[in-house]
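Top to bottom, those sequences are chains A and B. Residue numbers for the first sequence, in my numbering: 322 to 653. Residue numbers for the second sequence, in my numbering: 322 to 653. Note sheet for the following structure.
There are 2 protein chains.
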Amino acid sequence: MNQTILLKSRPEGTPTLSNFEFQKDDKTLSPSEGEILLEAKYISVDPYLRGRMSDAKSYVPPFNLNEPVASGVVAEVIASKHDTFKTGDFVSGMLAWKTQQISNGDGLTKVSAELAPLSAYLGVLGMTGLTAYLGLHEIGKPKAGETLLVSGAAGAVGSVVGQIGKLLGLRVVGIAGTDEKANLLKSDFGFDEVINYNTTTDMLQAIKTSCPDGVDVYFDNVGGTISDAALFSINRFARIIICGAISVYNKTETPTGVSVQPFLVKNSALMQGFIVSNYADKFPEAMTQLSEWLAKGQLTYRETIVEGFENTPQAFIDLFSGKNTGKMIVKA
Amino acid sequence: MNQTILLKSRPEGTPTLSNFEFQKDDKTLSPSEGEILLEAKYISVDPYLRGRMSDAKSYVPPFNLNEPVASGVVAEVIASKHDTFKTGDFVSGMLAWKTQQISNGDGLTKVSAELAPLSAYLGVLGMTGLTAYLGLHEIGKPKAGETLLVSGAAGAVGSVVGQIGKLLGLRVVGIAGTDEKANLLKSDFGFDEVINYNTTTDMLQAIKTSCPDGVDVYFDNVGGTISDAALFSINRFARIIICGAISVYNKTETPTGVSVQPFLVKNSALMQGFIVSNYADKFPEAMTQLSEWLAKGQLTYRETIVEGFENTPQAFIDLFSGKNTGKMIVKA
């Protein structure tokens, strides 16, 4: 039996289960010439998908209503009439939220279950790792001895950003939402300090205290009041990577906050939106470095794995209350 | 008689005449070996000076209380014991607000009254022109056919930015505060369209209408609600030059507005604070190009010249209500 998850309605504010619809059918799928039949193994749920559920102008087109949601998926080839992909191969790519689907192979990459656990290709060796590496390098231009501040530090991207910062010789300060996350980031990921924004009453002062030399690079995954507070600590020539703004994705009104312009002009600072797909030419270089660090044990990662294809919408919704540590993945 | 203008108190909000104090003395100044005696001819008043009157951390140190204010000044050498500067030479540089002063020549540049009117060295051939040229090129990276939006368009920097945009083949839309300024920018400076923000009730829509292909480069001199409105029209890969934020310089509370982060991430857009002194290595190249355009009559400029050294503080204050068209200069 094949299951599909459709976008039934566009979320207003925080997404709910009622925005999604399950469709089941018993039709047997079989590939035509040049096609493969795929079975989903791991499904990535990511904050940026929230944007595609709205119909506002953005860098990727919105999902259509009553059509399947799509995201990064690792799947197994269970039947093939394709020259490149054989039965038993594993592939990674942007695929529909379906237990089984037909593909012509476009945009899919073969992945090896021996080199790394399959789920890693959705995380540290997938878009997550590439986002962390390329966002930090291409916009952040980090230099040893500088201070790197990371918000959403216990998230999939943030936890990799912080580790790369340490590998490059920076002082790394994270911002996360629980003491457990904060402790893990310090004990297992090498962060120098972590601020728990849920128990800190004065974020502005907390950042100043944790970053006594100011902030040279701010890797921003969250936006909102946390990012407002960070502005007060930026140094001259600071680089701010806007990778995400999870705190405002569910707002129904235009979000407001501290005006960044006076801070940028005072400090000759730079703030730039980062979308990993703009840097596709650098993927090979980044993958080589990430794989090497991973193989040497210099890069670690956490996953929050939710069991069951049917729990995909809930896993996505749980991202917005920070239920994940590291990459949130559904095991289909 | 020598007159000096001191900073008596730090402005709270909009500066007033009471923040300044005049000092007069009859002492005859005479240069020692290696020194020159200067008489101020033209004094530049600029919005950025407001920042130096506060004691907040910024890219230039604050003025000290009960000491002279300083800004760009063109002066005549009226006595010299210096090898480089002779009596009768004109020089430009950062000098105190004094009718006469002694200098050792450091940081001063000789300027020619034959090549251009002396006041131009405080404007189109001075920091103003350099700011316009280098801000636009180094951060804006303008390309022919793109749309350039300029706020504070009738100001000293804005009017040069718009003309350079036209010389480079861009569509140029300005934002200014009176119909007279708007008409002048279109008739004499070649702007394609100008929005009068004082008579426009919906800036967001006005920018959308004037920039039907969106905004690729936004040269921001003002900040505040005008810049908030511009965000809604930025294109993918837009570049926003934060050159000034005159609308918020006099605010006593931290200014707030629309959060820029979601706009930057959606559009892979860049926003960067620009301070001309960071680009000193590019000054010769920029001056060569500006002088060439000026000589060919391809670049025009307006000045608002206020007569009388004693009116310097009022001329500075008048910047914040937009009393100037083009560069505001005091003729000492």
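Glycine included, each C-beta is placed from N, C-alpha and C at the ideal position. In this text the structure is predicted, and so the values were computed from the model without any measurement.
Quick one, are the C-beta atoms of B/Glu-624 and B/Gly-444 less than 8 Å apart?
-> Here residue 624 of chain B corresponds to residue number 303 of the second sequence, with the count starting at 1. Here residue 444 of chain B corresponds to residue number 123 of the second sequence, with the count starting at 1. Judged by their CB atoms, B/Glu-624 and B/Gly-444 are nearer to each other than the 8 Å cut-off.
Which residue's Cα is closest to the Cα of B/Ser-568: B/Phe-343, B/Ala-559, B/Gly-578?
-> In the second sequence, the residue the question calls residue 568 of chain B occupies position 247. Ranking B/Phe-343, B/Ala-559, B/Gly-578 by CA distance to the CA of B/Ser-568 puts B/Gly-578 first.
Report the three-state DSSP secondary structure of A/Thr-322 (helix, strand or coil).
-> Along the first sequence, read from residue 1 onward, the residue named residue 322 of chain A stands at position 1. In the sequence as displayed, the identity of residue 322 of chain A is Met instead of Thr. Reduced to three states, the DSSP call for A/Met-322 is coil.
Between A/Met-592 and chain B, is there a C-beta pair that is closer than 8 Å?
-> Here residue 592 of chain A refers to the residue found at position 271 when the first sequence is read from its first residue. By this cut-off, A/Met-592 is an interface position.
Just reading off the beta strand (DSSP E) that A/Leu-358 is part of, what are its end residues?
-> One-based indexing of the first sequence puts residue 358 of chain A at position 37. 357-365 is the span of the beta strand (DSSP E), which, as asked, contains A/Leu-358.
Give the interface partners of A/Gln-582 over in chain B, defined as CB-CB distance under 7 Å, in chain order.
-> Here residue 582 of chain A corresponds to residue number 261 of the first sequence, with the count starting at 1. When 7 Å is used as the limit between beta carbons, A/Gln-582 is near these residues of chain B: Asp-541, Gly-544, Ser-548, Ile-563, Ala-566, in chain order.
Taking the C-alpha atoms as reference points, what is the distance between B/Lys-431 and B/Phe-343?
-> What you label residue 431 of chain B is simply residue 110 of the second sequence in a count that begins at 1. What you label residue 343 of chain B is simply residue 22 of the second sequence in a count that begins at 1. Looking at the two C-alpha atoms, the distance is approximately 28 Å.
Give me the Cα-Cα distance between A/Ser-424 and A/Gly-486, rounded to the nearest whole angstrom.
-> Here residue 424 of chain A refers to the residue found at position 103 of the first sequence. Here residue 486 of chain A refers to the residue found at position 165 of the first sequence. Each residue's alpha carbon lies about 38 Å from the other.
Can you name the residues of chain A whose CB is closer than 8 Å to the CB of B/Ser-589?
-> Here the question's residue 589 of chain B lines up with position 268 in the second sequence. Taking a Cβ-Cβ threshold of 8 Å, the residues of chain A close to B/Ser-589 are Tyr-380, Gln-593, Gly-594, Phe-595, Ile-596, Asn-599, in chain order.
Residues in its own chain within less than 7 Å of A/Thr-633 by CB, not counting five upstream and five downstream?
-> Locating residue 633 of chain A in the first sequence gives position 312, where the first residue counts as 1. The beta carbon of A/Thr-633 lies closer than 7 Å to those of Ile-326, Ile-364, Val-366, Trp-418, Val-651 in the same chain, with the five residues before and after it left out.
Report yes if the C-beta distance between A/Asn-323 and A/Leu-350 is below 8 Å; otherwise report no.
-> Residue mapping note: residue 323 of chain A aligns to position 2 of the first sequence, counting from 1. Residue mapping note: residue 350 of chain A aligns to position 29 of the first sequence, counting from 1. Closer than 8 Å, so yes.
Segment contact, 8 Å Cβ cut-off, at least three pairs: the stretch 441-456 of chain A with the stretch 467-479 of chain A | Enough Cβ pairs lie closer than 8 Å, so yes.
What are the complete alpha helix (DSSP H) segments, minimum 4 residues, inside the stretch 473-508 of chain A?
-> Taken in chain order, the complete alpha helix (DSSP H) segments of 4 or more residues contained in the stretch 473-508 of chain A are 477-488.
Is there a Cβ from chain A that is less than 8 Å from the Cβ of B/Pro-576?
-> Position 255 of the second sequence, counting from 1, holds the residue named residue 576 of chain B. For B/Pro-576, the closest Cβ of chain A is nearer than 8 Å.
Which residue's Cα is closest to the Cα of B/Val-597: A/Leu-457, A/Val-586, A/Pro-605?
-> The residue given as residue 597 of chain B occupies position 276 in the second sequence. Checking every option, the nearest Cα to that of B/Val-597 belongs to A/Val-586.
For B/Leu-585, go through chain A and note every residue whose CB falls closer than 8 Å to its CB, in chain order.
-> As a first step, residue 585 of chain B is located in the second sequence; it is residue number 264 there, counting from the start. Here the neighbours are Ile-563, Met-592, Gln-593, Gly-594.
Close Cβ partners of A/Tyr-442 (< 7 Å) along its chain, the five nearest in sequence each way excluded = Along the first sequence, read from residue 1 onward, the residue named residue 442 of chain A stands at position 121. Taken in chain order, the residues that qualify are Val-395, Ser-413, Val-432.
Roughly how many angstroms separate the alpha carbons of A/Lys-572 and B/Val-543, rounded to a whole number?
-> Looking up residue 572 of chain A in the first sequence gives position 251. Looking up residue 543 of chain B in the second sequence gives position 222. Each residue's alpha carbon lies about 27 Å from the other.
Quick one: any contact between the stretch 597-607 of chain A and the stretch 599-612 of chain B, if contact means 3 or more CB pairs under 8 Å?
-> Short answer: they don't touch.
Hey, out of A/Asp-523, A/Glu-459, A/Pro-336, A/Met-524, whose CA is closest to A/Tyr-369's CA?
-> In the first sequence, residue 369 of chain A corresponds to position 48, counting from 1. Taking only the C-alpha atoms, the option nearest A/Tyr-369 is A/Pro-336.
Would you kindly check if the distance between the Cβ of A/Asp-541 and the Cβ of B/Gln-582 is under 8 Å?
-> Translated into the one-based positions of the second sequence, residue 582 of chain B becomes position 261. Translated into the one-based positions of the first sequence, residue 541 of chain A becomes position 220. Taking 8 Å as the Cβ cut-off, B/Gln-582 and A/Asp-541 qualify as a contacting pair.
Would you please verify whether the beta carbon of B/Val-569 is less than 8 Å from any beta carbon of chain A?
-> Taking the second sequence and counting its residues from 1, one reaches residue 569 of chain B at position 248. At least one chain A Cβ lies under 8 Å of B/Val-569.
Just the Cα atoms here: how many angstroms apart are B/Ala-361 and A/Gln-593?
-> The sequence position of residue 361 of chain B within the second sequence is 40, counting from 1. The sequence position of residue 593 of chain A within the first sequence is 272, counting from 1. Here the C-alpha atom of B/Ala-361 lies approximately 43 Å from the C-alpha atom of A/Gln-593.
Would you call the stretch 548-560 of chain A and the stretch 521-538 of chain A in contact, with 3 or more CB pairs under 8 Å?
-> Segments in contact, yes.
Residues bridged to B/Thr-468 by DSSP?
-> Your numbering for residue 468 of chain B matches position 147 in the second sequence. Looking at the DSSP assignment, B/Thr-468 forms a beta bridge with B/Arg-492.
Given that B/Val-579 touches chain A, what residues does it touch there, using C-beta distances under 9 Å?
-> The residue you call residue 579 of chain B lines up with position 258 of the second sequence. The contacting residues are Thr-575, Pro-576, Thr-577, Gly-578, Ser-580.
Using the Cα positions of B/Val-494 and B/Leu-552, report the straight-line distance between them to the nearest angstrom.
-> Here residue 494 of chain B is taken as the residue at index 173 of the second sequence, counted from 1. Here residue 552 of chain B is taken as the residue at index 231 of the second sequence, counted from 1. The alpha-carbon atoms of B/Val-494 and B/Leu-552 are separated by roughly 15 Å.
For the candidate residues A/Thr-499, A/Leu-615, A/Phe-637, A/Lys-617, whose alpha-carbon lies nearest to that of A/Gly-473?
-> Along the first sequence, read from residue 1 onward, the residue named residue 473 of chain A stands at position 152. Out of A/Thr-499, A/Leu-615, A/Phe-637, A/Lys-617, the CA that lies nearest to the CA of A/Gly-473 is found in A/Thr-499.
Spell out the partners DSSP gives B/Asp-658 in its beta bridges.
-> Summary: the structure shown does not reach residue 658 of chain B, with chain B confined to residues 322 through 653, and so no result is reported for it.
Please look up how many angstroms separate the CB atoms of A/Pro-463 and A/Leu-457, rounded, as I've assumed it's under 8 Å.
-> Numbered from its first residue, the first sequence carries residue 463 of chain A at position 142. Numbered from its first residue, the first sequence carries residue 457 of chain A at position 136. At roughly 6 Å, the Cβ-Cβ gap stays under 8 Å, so A/Pro-463 and A/Leu-457 are in contact.
Would you tell me roughly how many angstroms separate the C-alpha atoms of A/Tyr-539 and A/Gly-461, rounded to the nearest one?
-> Translated into positions along the first sequence, residue 539 of chain A becomes position 218. Translated into positions along the first sequence, residue 461 of chain A becomes position 140. Each residue's Cα considered, the two are about 8 Å apart.
Considering only residues of the same chain and omitting the five flanking positions on each side of B/Arg-371, which have a CB-CB separation below 6 Å?
-> Working through the second sequence from its first residue, we reach residue 371 of chain B at position 50. Closer than 6 Å at Cβ, skipping near neighbours: Tyr-570.
A/Phe-584: first and last residue of the uninterrupted beta strand (DSSP E) it sits in = Here residue 584 of chain A refers to the residue found at position 263 when the first sequence is read from its first residue. Segment 582-588 is the alpha helix (DSSP H) holding A/Phe-584; no beta strand (DSSP E) there.
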